[in-house]
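Engineer: Per our numbering, residue -7 is the first one in the sequence shown, and the count goes up by one each step.
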Amino acid sequence: MRRVLIAAIAMTAAMQGARAADMPEFGPLRGAMVDTPRGVVNWQGFYVGGQAGTGASDMDFTNATQGAVATLLTNTVIQNTMAVSDWPVLGKSSSRGQGWGGFVGYNAQWDDVVLGIEANYMHGSFGGSTSGYMGRIFSTGGVTYDVDYNAAASIKVNDVGSARLRAGWAIGSFLPYAFGGVALGQADIVRTARISGTQGGTAFTPLVSNLVQNSHFIYGYSGGLGVDMMLYRGLFVRAEWEYQKFAAPINTAVSTVRAGVGYKF
-7 MRRVLIAAIA MTAAMQGARA ADMPEFGPLR GAMVDTPRGV VNWQGFYVGG
43 QAGTGASDMD FTNATQGAVA TLLTNTVIQN TMAVSDWPVL GKSSSRGQGW
93 GGFVGYNAQW DDVVLGIEAN YMHGSFGGST SGYMGRIFST GGVTYDVDYN
143 AAASIKVNDV GSARLRAGWA IGSFLPYAFG GVALGQADIV RTARISGTQG
193 GTAFTPLVSN LVQNSHFIYG YSGGLGVDMM LYRGLFVRAE WEYQKFAAPI
243 NTAVSTVRAG VGYKF
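Structure (structure tokens):
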């Protein structure tokens, strides 16, 4: 959890520094940046808040054990003849989860236009698991092979975060916005495979692979939409949807809807 939060804040700070370096000096006009049209809330400044949400995890386990089985069966007849590692034992899966967390960021405002940078974090339980089996009988070189391929895989995403850039349009007390950035996460990943069967009617020693990666750091990209609504003197509420795609050993996407409350200083 701490690694994901620190990474998100560090990346957000780096993005803010790069953005600030590219900003022109407005001199005496800088004060105009906080002037807003009549009836429009001033969103400029630092803010912090908490949130909770629910969402869906979509996993593609198709190739989760392919590499491990290919290694187990290197230079074997059953691999060279039947390409056992390519058998479609596992497929796709979806599940739901919940989480809670917080966010911190900074907005700059020019009239109705609001641009900002934010570090966002949620701790929860996302991900899922699946298992499968496939068996085939074939003959080659006058020998009959009966091969069974059993596999299982799971991914549990405990922490998700994002370092994001935001762009919004202030409308009265509302700030609808879109954002995009880098997604970060921490997951427990387990992949197991077992090859067993007979060769010429005699059982051969089963080949087993068991790969366990706890607290594995994953990353990808993030994007979404949301709206902030100012309630009273800096206190605001938020509704948001975020999509995160991770480049993990198991292809995983987490899509969440969230509600939050924050304070702008």
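Where is the CB? At the ideal position from N, CA and C, for every residue including glycine. These numbers come from a predicted model, not from an experiment.
Using a Cβ-Cβ cutoff of less than 6 Å, which residues in the same chain neighbour Gln205 once the five nearest sequence positions on both sides are dropped?
Structural biologist: Sequence index remark: in the sequence shown, residue 205 carries index 213 (1-based). The answer, listed in chain order, is Ile181.
Engineer: Using a Cβ-Cβ cut-off of 6 Å (strictly less than) and excluding sequence neighbours within five positions of Phe238, which residues of its own chain qualify?
Structural biologist: Taking the first residue of the sequence shown as 1, we reach residue 238 at position 246. Excluding residues within five positions, the ones whose Cβ falls inside 6 Å are Gly177, Ile210, Gly212 and Thr244.
Engineer: Hey, how far is the Cα of Glu17 from the Cα of Asn99?
Structural biologist: Start at 1 with the first residue of the sequence shown, and residue 17 comes out as number 25. Start at 1 with the first residue of the sequence shown, and residue 99 comes out as number 107. In this predicted model, Glu17 has a pLDDT of only 40, less than 50, meaning its place in the structure is not dependable; the value taken from the coordinates is given anyway. Rounded to whole angstroms, Glu17 to Asn99 spans 17 Å at the Cα level.
Engineer: Where does Leu82 sit, in a helix, a strand or coil, going by DSSP?
Structural biologist: Looking up residue 82 in the sequence shown gives position 90. Correct three-state label for Leu82: coil.
Engineer: So, helix, strand or coil for Val33, using DSSP?
Structural biologist: For the purposes of this step, residue 33 is taken as residue 41 along the sequence shown, with counting starting at 1. Residue state, collapsed to three classes: coil.
Engineer: Looking at Ser85: is its Cβ nearer than 9 Å to the Cβ of Asn142?
Structural biologist: Counting from 1 along the sequence shown, the entry for residue 85 is found at position 93. Counting from 1 along the sequence shown, the entry for residue 142 is found at position 150. No, the Cβ-Cβ distance between Ser85 and Asn142 is not below 9 Å.
Engineer: Helix, strand or coil for Asn202, going by three-state DSSP, please let me know.
Structural biologist: The residue given as residue 202 occupies position 210 in the sequence shown. Looking at Asn202 - three-state DSSP - the assignment turns out to be strand.
Engineer: Select from Arg158, Ala185 and Thr197 the residue whose C-alpha is nearest the C-alpha of Leu315.
Structural biologist: This structure leaves residue 315 out entirely; the chain is present only between -7 and 257.
Engineer: I'd like to know whether the C-beta atoms of Thr73 and Phe118 end up nearer to each other than 9 Å.
Structural biologist: Locating residue 73 in the sequence shown gives position 81, counting from the first residue. Locating residue 118 in the sequence shown gives position 126, counting from the first residue. Not a contact, by the Cβ cut-off of 9 Å.
Engineer: Can you tell me where the alpha helix (DSSP H) with Ala60 in it begins and where it stops?
Structural biologist: Here residue 60 refers to the residue found at position 68 of the sequence shown. Gln58 to Leu64 is the extent of the alpha helix (DSSP H) around Ala60.
Engineer: Tell whether a beta-carbon distance below 9 Å holds between Ala159 and Ser121.
Structural biologist: Position 167 of the sequence shown, counted from the start, is the residue given in the question as residue 159. Position 129 of the sequence shown, counted from the start, is the residue given in the question as residue 121. For Ala159 and Ser121, no; Cβs fall outside 9 Å.
Engineer: Tell me whether Ile70 sits in a helix, a strand or coil according to DSSP, three-state version.
Structural biologist: Taking the first residue of the sequence shown as 1, we reach residue 70 at position 78. Here Ile70 sits in helix by DSSP.
Engineer: Helix, strand or coil for Ser207 per DSSP?
Structural biologist: As a position in the sequence shown, residue 207 is number 215, starting the count at 1. Correct three-state label for Ser207: strand.
Engineer: Sort Pro80, Gly164, Leu107 and Ala155 by Cα distance to Ser123 and report the nearest one.
Structural biologist: Within the sequence shown, residue 123 is the residue found at index 131, counting from 1. It is Pro80.
Engineer: Within the same chain, show all residues whose beta-carbon is closer than 7 Å to that of Ala60, passing over the 5 residues directly before and after it, in chain order.
Structural biologist: The residue you call residue 60 lines up with position 68 of the sequence shown. Only Arg183, Ala185, Ser201 and Leu203 meet the Cβ criterion.
Engineer: What is the DSSP secondary structure of Ser117, reduced to helix, strand or coil?
Structural biologist: On the sequence shown, position 125 is the one that residue 117 refers to. Residue state, collapsed to three classes: strand.
Engineer: Measure how close the beta-carbons of Gln90 and Val135 come, nearest whole angstrom, since I'm counting them as under 8 Å.
Structural biologist: Within the sequence shown, numbered from 1, the residue matching residue 90 stands at position 98. Within the sequence shown, numbered from 1, the residue matching residue 135 stands at position 143. So it is not a contact: roughly 53 Å between Cβ atoms.
Engineer: So which of Val106, Gly93, Thr132 and Val40 has the shortest CA-CA distance to Ile70?
Structural biologist: Locating residue 70 in the sequence shown gives position 78, where the first residue counts as 1. Considering only alpha carbons, the answer is Thr132.
Engineer: Which whole-angstrom value describes the C-beta separation of Gly153 and Tyr113, a residue pair presumed to lie in contact below a C-beta threshold of 8 Å?
Structural biologist: Looking up residue 153 in the sequence shown gives position 161. Looking up residue 113 in the sequence shown gives position 121. The pair is a contact, with the Cβ atoms about 4 Å apart (cut-off 8 Å).
Engineer: Expressed to the nearest angstrom, what Euclidean distance is found between the alpha-carbon atoms of Trp92 and Asp140?
Structural biologist: Counting from 1 along the sequence shown, the entry for residue 92 is found at position 100. Counting from 1 along the sequence shown, the entry for residue 140 is found at position 148. Those two C-alpha atoms are separated by around 43 Å.
Engineer: Give every residue of the same chain whose Cβ lies closer than 8 Å to the Cβ of Gly164, excluding the five residues on either side of it in the sequence, and list them in chain order.
Structural biologist: Position 172 of the sequence shown holds residue 164. Once the five neighbours on either side are set aside, the close Cβ partners of Gly164 are Gly31, Val32 and Val33.
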